[in-house]
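Shown next, in C-alpha cells, is the structure this report addresses.
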Amino acid sequence: MVTNITNLGRSGVSDWLIQRVSAVLMTLFTVFMVAFLLFHPHLDYAAWSGLFERTWMRIFTLLTLLSIAAHAWVGLWIVSTDYIKKSCVRLGVQTAVVAALFAFVVWGVQVLWGA
Amino acid sequence: MNSRKNPSPKKRPVNLDLSSMQFPLPSLVSISHRVTGIILFVGLIFLLWAFDTSLSSPHGFEAVQDVLSGNALAKLVCWGLLSALGYHLVAGVRHLLMDAGYGETLEGGKRGAQIAVVCGAVIVILAGVWVW
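Those protein sequence lines, which keep their order, are chains A and B. In this note's numbering, each residue carries its 1-based index in the first sequence increased by 226. In this note's numbering, each residue carries its 1-based index in the second sequence increased by 18.
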C-alpha cells in the first residue's frame, strides 16, 4: 500500500470527510454573506465593521477561513496529484499551495482581530 | 509507416482525429469543477485584499466600494469569482447528493450534470446582474 504523505488527512476517507464538512460550512457562510449584502444595499462602514466585531461572526468567519484552507489543500492536492507526474515539481507546488493557504489564514485572523 | 515491417498481423483502427472525440457532459462538469476550484484559490488573494481593506478604516471601505463600482476590470474579476463560486458550489452540492445516493445511475449522472450546468448558468447571469 502506498502511504500518502502530502495530503491533509493522510487517508482518502479522511480527506473525503474534510472536503464535505468544510464545503457545508463554506456554503452556509456564502449564503449568509449574499443574504446580508442583498438586505443591505446601502451598506456603510459602521454596519460592515459592526458585523465583524460580533464574536459569533468572528467565529463563523474564522471557521470559514479554516474550511477554505482545508478544502483547498484537499482539492488542490487531488488535482496536482492527477496532473503533475514529476515528484519534485508536484512536491514544490503542493508546498507552495499549503504555504499560501497558511498565509491566507494568518492574514484573515489579523483582519478579524487586529487593527 | 507502410514501408516499415509491421510486427502485428492485424490491422488496427487508427483515430488521430481528436475533434471526433467528445467528452460526455458529466466529465465536462467534473473538469470545470476542478478549473473553478483553481480559479477560486487564485481569487482568494483578491477576496482577502477586499476583506482587509474594507475593514481597515472608513477610508478603506470607500476605496473598495469605489473600485467595485467604477473599475471595469475589478467588476470583471468580481463577476468571474462570483460565477466560479456559484458554479463550484452547485457542482459540489451535486457531489453531496450523489454521496447520499441520488442520481448514481448512468442516466442520473447525465441528468445531474445537466441540472448543474443550468443552475450554474443561472448563477453566472444573476452574478452579472448583481455586479453591473
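Where a beta carbon is used, it is the ideal one built from N, C-alpha and C, also for glycine. Quick caveat, the model's predicted, so the values are computed rather than measured.
- Query: histidine 266 of chain A: buried (16+ other C-beta within 10 angstroms of its C-beta) or exposed?
  - Reply: With fewer than 16 Cβ atoms within 10 Å of its Cβ, histidine 266 of chain A is classed as exposed.
- Query: Whose C-beta lies closer than 7 Å to the C-beta of alanine 92 of chain B among residues of the same chain, with five residues either side of it excluded?
  - Reply: Closer than 7 Å at Cβ, skipping near neighbours: Val85, Leu86.
- Task: State the start and end residues of the unbroken alpha helix (DSSP H) segment that holds valine 247 of chain A.
- Result: Unbroken alpha helix (DSSP H) run through valine 247 of chain A: 238-265.
- If you draw a straight line from the C-alpha of proline 31 of chain B to the C-alpha of tyrosine 309 of chain A, how long is it? Computed Cα separation, rounded: 28 Å.
- If we call anything under 8 Å between Cβ atoms a contact, is leucine 251 of chain A one with aspartate 241 of chain A? No, the Cβ-Cβ distance between leucine 251 of chain A and aspartate 241 of chain A is not below 8 Å.
- Task: List the whole-angstrom C-beta distance separating phenylalanine 286 of chain A from phenylalanine 255 of chain A, where the pair is believed to meet the contact cut-off of C-beta under 8 Å.
- Result: Confirmed, Cβ separation roughly 6 Å.
- Item | Secondary structure of methionine 39 of chain B, DSSP reduced to three states | Correct three-state label for methionine 39 of chain B: coil.
- Item | Exposure of cysteine 314 of chain A, with buried meaning 16 or more beta-carbon neighbours within 10 Å | It is exposed - the Cβ of cysteine 314 of chain A has fewer than 16 other Cβ atoms within 10 Å.
- Query: Using a Cβ-Cβ cut-off of 6 Å (strictly less than) and excluding sequence neighbours within five positions of valine 142 of chain B, which residues of its own chain qualify?
  - Reply: Cβ contact annotation for valine 142 of chain B (same chain, cutoff 6 Å, sequence separation greater than five): Ser101, in chain order.
- Tell me whether glycine 88 of chain B counts as near the ligand ADP, meaning its Cβ is closer than 7 Å to at least one heavy atom of that ligand. This structure lacks the ligand ADP, and indeed carries no ligand of any kind.
- Please list the residues of the region 106-128 of chain B that have a C-beta atom closer than 9 Å to any C-beta atom in chain A, keeping them in chain order. Cβ contacts with chain A: Leu107, Gly110, Val111, His113, Leu114, Asp117.
- Cα separation between leucine 302 of chain A and serine 38 of chain B? Answer to the nearest angstrom: the Cα atoms are 31 Å apart.
- Query: If you draw a straight line from the C-alpha of valine 95 of chain B to the C-alpha of threonine 307 of chain A, how long is it?
  - Reply: So the two alpha carbons sit approximately 28 Å from each other.
- Taking C-alpha atoms, which residue in B:Gly104, B:Asp117, B:Gly88 lies nearest to valine 257 of chain A? If we check each option's Cα against that of valine 257 of chain A, B:Gly104 comes out closest.
- Message: Residues of chain A with CB closer than 7 Å to the CB of phenylalanine 79 of chain B, please, in chain order.
- Response: Residues of chain A passing the Cβ test: Tyr271, Trp274.
- Length of the line joining the Cα atoms of valine 305 of chain A and tryptophan 274 of chain A: A straight line joining the alpha-carbon of valine 305 of chain A with that of tryptophan 274 of chain A spans about 36 Å.
- Counting Cβ pairs closer than 8 Å, one from the region 286-296 of chain A and one from the region 325-340 of chain A, do we hit at least three? Pairwise C-beta distances place the region 286-296 of chain A in contact with the region 325-340 of chain A, as three or more of them are shorter than 8 Å.
- Item | Per-residue contacts from serine 48 of chain B into chain C (C-beta, under 7 Å) | As a matter of chain content, chain C is missing from the structure shown, whose protein chains are A and B.
- Under the three-state reduction of DSSP, which class applies to aspartate 2 of chain B: helix, strand or coil? Residue 2 of chain B is absent from the structure shown; chain B starts at 19 and stops at 150.
- Member of A:Ala322, A:Ala298, A:Lys311 whose CA lies at the smallest distance from the CA of histidine 106 of chain B: When only C-alpha atoms are compared, the closest one is A:Ala298.
- Message: Against chain B, does serine 240 of chain A count as a neighbour if the rule is that its beta carbon must be under 8 Å from one of theirs?
- Response: With 8 Å as the cut-off, serine 240 of chain A does not count as an interface residue toward chain B.
- Task: Tell whether a beta-carbon distance below 8 Å holds between glycine 119 of chain B and glycine 127 of chain B.
- Result: Result no, Cβ atoms of glycine 119 of chain B and glycine 127 of chain B do not sit closer than 8 Å.
- Take the Cβ of glutamine 245 of chain A as the centre, count every other Cβ of all protein chains shown within 10 Å, and call the residue buried at 16 or more, exposed below. With 16 or more other Cβ atoms within 10 Å, it is buried.
- Query: Under a three-way DSSP split, which group does leucine 124 of chain B fall into?
  - Reply: Looking at leucine 124 of chain B - three-state DSSP - the assignment turns out to be helix.
- Span of the alpha helix (DSSP H) holding tryptophan 274 of chain A? Under the DSSP assignment, tryptophan 274 of chain A falls in the alpha helix (DSSP H) whose first and last residues are 271-279.
- Spell out whether any CB of chain A is found under 8 Å from the CB atom of arginine 52 of chain B. Yes, arginine 52 of chain B counts as interfacial toward chain A.
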